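Below is one structure, written out as structure tokens, with a few remarks after it.
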Amino acid sequence: MMNYGKKEAEILDKIDRVIVKLDENLAKMDDTDNKIKHFTAQEKALHDIRSIVHEEKKLLKTEDRAEKHDQKVAQNWIDDQESSINQIDQKITDLDNTLAKLDDDQSKVKSYLEQKRVIKDIKSIIKNYLK
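Printed below as a string of structure tokens:
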């Protein structure tokens, strides 16, 4: 049977590496650097996190199908809305919905601020999990 706690820890470790890389990139940029550079770096990090979550969810579903004898335990884990991965996925989905609602006049500044907020939330989710 698959160890879901270990798998979740691996996924969160991948996401944490993306966040650390983002922090390093933002730290290298001067405060005088264009906010568009910050926005682009944040956007790339969020894209990487989306990709990790998406690929890992696909992998988990495939592995779950292979383990039909213990499907109930696997399904409970997948359906658990409190899991860290589902929380991160929800934050990203909410961000996508918020960004889709912005008009052109508001989009650049509010997109930047919303992305920054979501990255902070993802950091706190990972921090709480790693405690």
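First residue of the sequence shown? That's 1 in the working numbering, and the numbers climb one at a time after it. Glycine included, C-beta positions come from ideal geometry on N, C-alpha and C. Predicted, not measured: the structure shown is a model, and the values here were computed from it.
Cβ-Cβ distance between residue i and residue j below 8 Å
i, j, result
"E56", "I85", "yes"
"Y112", "K35", "yes"
Backbone CA spacing between residue i and residue j [nearest angstrom]
i, j, result
"K127", "D105", "35 Å"
"E10", "T93", "21 Å"
"H38", "I15", "19 Å"
"K28", "K61", "39 Å"
"A100", "H47", "15 Å"
"L26", "K120", "14 Å"
"E114", "L95", "7 Å"
"E8", "R17", "14 Å"
"D103", "V53", "28 Å"
"L22", "E63", "31 Å"
"K6", "L130", "12 Å"
Reference residue i, options the options, closest by Cα
i, options, result
"R117", "T98, L130, K58", "T98"
"S124", "A100, E63, V20, S111", "V20"
"L12", "E63, I49, Q42, V109", "I49"
Run of the alpha helix (DSSP H) containing residue i, from where it starts to where it stops
i, result
"N133", "The chain is shown only over 1 to 131; residue 133 falls outside these bounds and no answer can be derived."
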